[in-house]
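Written below as structure tokens is the structure these notes are about.
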Amino acid sequence: METVVSIKPLLASLVSLAAVVPIVLSGKRPNLREAWTFGAGLVKLALVASMLPVVLAGNQIEYTLWQFLPGVAIAFRVDAMGLLFALVSSTLWIATSAYSIGYMRGLDEHSQTRYFAFFAVALSSTIGVAFAANLFTLYIFYELLSLATYPLVTHHQDEEARRSGRKYLTFILGTSIGLVLPAMLIVYSLTGTLDFNQPGLLAGAPSKAVVVVLLLMLVLGFAKAGIMPMHAWLPAAMVAPTPVSALLHAVAVVKVGVFSIFRVLTGVFGVHLLRSLDLGNLVAVLASVTILTASLIALSQDGLKRRLAFSTIGQLSYIVLGAALLTPKGMTGGLLHIAMHAFGKITLFFCAGAIFVATGRKNISEMVGIGRRMPVTMTAFLIGAMSVIGIPPTGGFISKWYLVLGTLEAHQIPLLVVLLSSSLLNAAYFMPVFYRAFFCTPEESQFEAGVVAEAPIWCVVPLVFSACCSVALFFYPQPFLHLAELAVQHILGG
Amino acid sequence: MIAPEQYPVLIVTVPLLSAFLINLIGMVDKRLCYPASLLALGASLAAALAVAARVAATGTIHYHVGNWPPPFGIEYVIDHLNALVLVVVAGVALVAAIASKRSVEQDFPDKRAQFYTLFVLLTTGLLGMTITGDAFNLYVLMEISALTNYSLIAMGGNRALVGGFNYIIIGTIGACFYLLGVGHLYIMTGSLNMADLLQLLPALFHTKAVLVGAILMLLGAWIKMAFFPLHGWLPNAYTYAPSATSTLVAPLMTKVSVYIMIRVLFSVFGAYYVFTVLPVKGLVVWLAVAAIVGGSIFALAQQDFKRMLTYLIVAEVGYMVGGVWLANQWGITGAILHIVNDAVMTLCLFLFCGIVVHKTRGHRLENLRGLFRRMPVTMAAFAVGALSMIGVPPTAGFFSKWYLILGGIDAHQWGFVAALLFSSLVNAVLFFRVFEIAYFEPAEEVHGHGAAVAIDEAPLSMLLPLVAVAIGLIVLGLYSTSLVSTFIQYAVPAGI
């Protein structure tokens, strides 16, 4: 494996941050302003994609921006795992930007310039986390993301937004300052470095007690991953405009959380250490409890976005579970699920937003018969739901397949049961939505018969795109599968 | 042309003499006082920068005032520690002076000459305390800065008079303690020169007189820096002081006092005496924990924005005192770095507070309503200062906290580590409460959701310093390693 030095990862992160200036300056001309967002999005995607061949060839790209202390620097390293995440985020940012135009203009929202500006900052931070070479860099971008998303979550600036924003910050900032920061400093104090490496920073570990404490601090500290009991911010954050929920609370923010946990488990603790101390199970139990509880709560939610939020909480823990299995197939499945869940869940959020724009309805009980009114949207919804449940022919099937194989590899039959029963629960909370949308008598329908009225085209195209991607990923899971396998190969050392 | 060897004395004499000139100029034309003080402080800053550069290049500078050799004459000693503090003091004073224009015109247009005379004299006192290598000379300058400070605070009128009077009493007691301590040392050694004392004292370490002297000097410094629970004078004095005064004294007074504590500990008594002979190491760290926790909790209880900031100063003093008494490399590095960072952060917050007072005629939390719309640039700059107080990277506040926490972990002082994290969280609560008020609550005259509000930014003479300081906080954060490797690592006593 070779290491290439290139400034590309830095540029990929900064391009959207740089775009904030023209976005703010062209605030009076919305079309030009959105053009900047698309421009930055395309450049970002191009930069990320241009690193793909190098990484697929088994190499890494490194760039050190700023050295603070020995072992502490703002440094970037592009490996298969980071690239997988960056690829997902930068692709979906473009889709979400298009969707944002439809949604924000459709609802005539205020302060759109601020909205697009902070969106760009959030994406900068996301890519920064994906390419972070050490815990310090990861932490900086993680914090930046928390702050950049606050104005997005509280966009409506009303009393509800204020309350939710407070909850959001309490959980996200409280855990990052209260748990991750001290854990990071303890790791630094023990090892003198924060670089993610193989077989893991703490490989020559001091004692099991210290490792357990650090593990809990870091796994629970990255509250963006939504592991219970650190999940309560996510349903609250649904007060945000739907594109924010779609990209940030199904892809960027929450996946930054699970990605950080994945990085920490493999790069700080190391698979061998966790195996030898038998700590994978500890994380797996946390994740399993979250998966089942969140799915059960989702069943009882009438607000469509809230149901999606609880579904997200459950699905995020699939990824953590994959990491905690510590087996090749399990970890591959976990990493793949970052991508597969992203495409599926963003479709679902897009649909929820499209329904809101077109009809103003938020609750599932008010959506009887909506399938006739918005057939394209609801078909996309079905595809997204299938992907999240894990039914072929959608991408979600592949990641779940690997996860299931992983549990068998690890001889963890209880975890296999968790995964399968969660899939049933997923079906139980998604299928009624679809069923009611299409299968009802004209009398039951809450919509006028024979009228087809979809959301604005800017809303519909992105959701069709992401639904198509979900299907396409079943047939062509490359390059994500390849990246995930490469990453796991690297983590397990050969 | 003045030879570079003479720069050290210029740092102090230029503002000292200018202070009197400013008073005279004021009799001719009041409007000239402002530029004259900027000139004086600018010259002082330039000299301080030149001296700091020389210290960085060649090491400690000894300057004999009036060419009298120590230990008989007064000696200025500029090493890596006070070179840094001198630049901070001169720099903060200059920025505070620049921003003071509108506040002074608004608050006391007829007393401009008096204000700027005292302002520059106070800065002189702070610079003198920092530069001197003589324990008694330090006392004299401590009084100069204290007396000018009392008057500057009292210019706020009414409640400031009471706060200022309170401060006189407590401050004088503090100075007396310090003087008594110096007296003890003088009786025992016959010397007032710090370097001389450092040589003479080890033979006397076993005596009660030196012990009492050390404790008195320490108490004096603690009262002056408002170290919890000796902080009672600070909140009232700083809250009711006029904006232009608090912008200068809030960032500097406590920080210079912390510097004096470090100076007395390591340059008079030496690290061995302080950490090994004095039986107070653990106790002081716990006092610092109390300061941090207490200051934070009091800050939470305030409905007045400026008063909240004053309690944060009390908490921050705990950071620095605790850091020093961790007695390890990381802790002392963090404490010294925090002197710099905290001075700049506090300056940022008080500059913002000055703008709020100037624009809304008050400094209660409700005065902040709707400010994000009304003054977006001001609020953005304030946000940087607030994030630095919380300790969000890459702002300066994160890095000193980084060193301090590492020091706490290294010294196994888990109480201190927990207190620092607690204070970060409380700061997050405090400042996001402020953000909420400024972001969600519309100003009274505005009604309706998202109504257009005319942008009404602060005057440039206030806005530019604020923005510059906010940018400075990020630059300082990015360069904190250079600061440590160029200055601070040499200031940490060897062999601990």
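Residue numbers (our numbering), protein chains in the order written: chain S, 23 to 516; chain R, 76 to 571.
Here a beta-carbon is modelled for each residue, glycine too, at the ideal position from N, C-alpha and C.
Bear in mind that the values here come from a model prediction, so they are computed numbers and not experimental data.
Can you give me the start and stop residues for the alpha helix (DSSP H) that residue i sits inside?
{"i": "residue 83 of chain S", "result": "Note, residue 83 of chain S: premise wrong, no alpha helix (DSSP H); beta strand (DSSP E) at 82–91."}
{"i": "residue 364 of chain S", "result": "350–381"}
{"i": "residue 56 of chain S", "result": "52–72"}
{"i": "residue 433 of chain R", "result": "404–435"}
{"i": "residue 138 of chain R", "result": "Looking at the DSSP string, residue 138 of chain R is not in any alpha helix (DSSP H); the run it does join, the beta strand (DSSP E), is 136–139."}
{"i": "residue 491 of chain S", "result": "479–497"}
{"i": "residue 512 of chain S", "result": "502–513"}
{"i": "residue 499 of chain R", "result": "489–515"}
{"i": "residue 451 of chain R", "result": "451–465"}
{"i": "residue 451 of chain S", "result": "435–460"}
{"i": "residue 189 of chain R", "result": "187–206"}
{"i": "residue 431 of chain S", "result": "417–431"}
{"i": "residue 389 of chain S", "result": "Element bounds for residue 389 of chain S: n/a, residue is neither H nor E."}
Decide if residue i is buried, meaning its Cβ has at least 16 other Cβ atoms within 10 Å, or exposed.
{"i": "residue 488 of chain R", "result": "buried"}
{"i": "residue 457 of chain S", "result": "exposed"}
{"i": "residue 505 of chain R", "result": "buried"}
{"i": "residue 77 of chain R", "result": "exposed"}
{"i": "residue 255 of chain S", "result": "buried"}
{"i": "residue 522 of chain R", "result": "Its pLDDT being 47, under 50, residue 522 of chain R is placed unreliably by the model, and nothing is read from it."}
{"i": "residue 103 of chain S", "result": "buried"}
{"i": "residue 350 of chain R", "result": "buried"}
{"i": "residue 142 of chain R", "result": "exposed"}
{"i": "residue 41 of chain S", "result": "buried"}
{"i": "residue 102 of chain R", "result": "exposed"}
{"i": "residue 381 of chain R", "result": "buried"}
{"i": "residue 524 of chain R", "result": "Annotation note: pLDDT 48 at residue 524 of chain R (below 50); position unreliable, coordinate value reported separately. So residue 524 of chain R counts as exposed."}
{"i": "residue 526 of chain R", "result": "Since pLDDT at residue 526 of chain R reaches only 49, below the 50 mark, its modelled position is unreliable, and the value read off the structure follows with that caveat. Counting Cβ neighbours within 10 Å, residue 526 of chain R comes out exposed, since fewer than 16 surround it."}
{"i": "residue 300 of chain S", "result": "exposed"}
{"i": "residue 322 of chain S", "result": "exposed"}
{"i": "residue 178 of chain S", "result": "buried"}
{"i": "residue 23 of chain S", "result": "exposed"}
{"i": "residue 569 of chain R", "result": "exposed"}
{"i": "residue 182 of chain R", "result": "buried"}
{"i": "residue 469 of chain S", "result": "buried"}
{"i": "residue 156 of chain S", "result": "buried"}
Among the options, which residue has its Cα nearest to the Cα of residue i?
{"i": "residue 361 of chain S", "options": "S:79, S:494, S:222", "result": "S:494"}
{"i": "residue 279 of chain S", "options": "S:320, S:243, S:120, S:370", "result": "S:243"}
{"i": "residue 380 of chain S", "options": "S:129, S:74, S:116, S:197", "result": "S:129"}
{"i": "residue 396 of chain S", "options": "S:472, S:315, S:371, S:51", "result": "S:472"}
{"i": "residue 100 of chain R", "options": "R:186, R:87, R:128, R:144", "result": "R:186"}
{"i": "residue 547 of chain S", "options": "S:261, S:200, S:353, S:287", "result": "As displayed, chain S neither begins before 23 nor continues past 516, which places residue 547 of chain S out of reach and without an answer."}
Since residue i is in the beta strand (DSSP E), which residue starts that stretch and which ends it?
{"i": "residue 25 of chain S", "result": "25–27"}
{"i": "residue 253 of chain S", "result": "Per DSSP, residue 253 of chain S belongs to no beta strand (DSSP E) and is neither H nor E."}
{"i": "residue 95 of chain S", "result": "94–100"}
{"i": "residue 152 of chain R", "result": "150–153"}
Using 8 Å as the threshold, is the C-beta distance between residue i and residue j below it?
{"i": "residue 308 of chain R", "j": "residue 245 of chain R", "result": "yes"}
{"i": "residue 90 of chain R", "j": "residue 115 of chain R", "result": "yes"}
{"i": "residue 428 of chain S", "j": "residue 336 of chain S", "result": "no"}
{"i": "residue 341 of chain S", "j": "residue 356 of chain S", "result": "yes"}
{"i": "residue 346 of chain S", "j": "residue 302 of chain S", "result": "yes"}
{"i": "residue 495 of chain R", "j": "residue 405 of chain R", "result": "no"}
{"i": "residue 93 of chain S", "j": "residue 214 of chain S", "result": "yes"}
{"i": "residue 417 of chain R", "j": "residue 476 of chain R", "result": "no"}
{"i": "residue 405 of chain S", "j": "residue 496 of chain S", "result": "no"}
{"i": "residue 105 of chain S", "j": "residue 96 of chain S", "result": "no"}
{"i": "residue 439 of chain R", "j": "residue 379 of chain R", "result": "yes"}
{"i": "residue 38 of chain S", "j": "residue 145 of chain S", "result": "yes"}
{"i": "residue 480 of chain S", "j": "residue 45 of chain S", "result": "no"}
{"i": "residue 424 of chain R", "j": "residue 460 of chain R", "result": "yes"}
For a test of your reading of the model: does the CB of residue i fall under 7 Å from any non-hydrogen atom of the ligand NAP? Yes or no.
{"i": "residue 428 of chain R", "result": "Only the bare structure without any ligand can be found here, which leaves the ligand NAP out of the picture."}
- request: Taking only runs that begin and end inside the segment 273–361 of chain S, name each unbroken alpha helix (DSSP H) of 4 or more residues, in chain order.
  value: Those alpha helix (DSSP H) runs which fall completely within the segment 273–361 of chain S and span 4+ residues are 275–285, 293–299, 302–321, 326–347.
message: Just to confirm the assignment: which complete alpha helix (DSSP H) runs, minimum length 4, are found wholly within the segment 95–137 of chain R?
response: Within the segment 95–137 of chain R, the complete alpha helix (DSSP H) runs of at least 4 residues are 108–133.
message: As an exercise, report each continuous alpha helix (DSSP H) stretch of at least 4 residues that is fully enclosed by the segment 327–401 of chain R, in chain order.
response: The segment 327–401 of chain R contains these whole alpha helix (DSSP H) runs: 356–375, 380–400.
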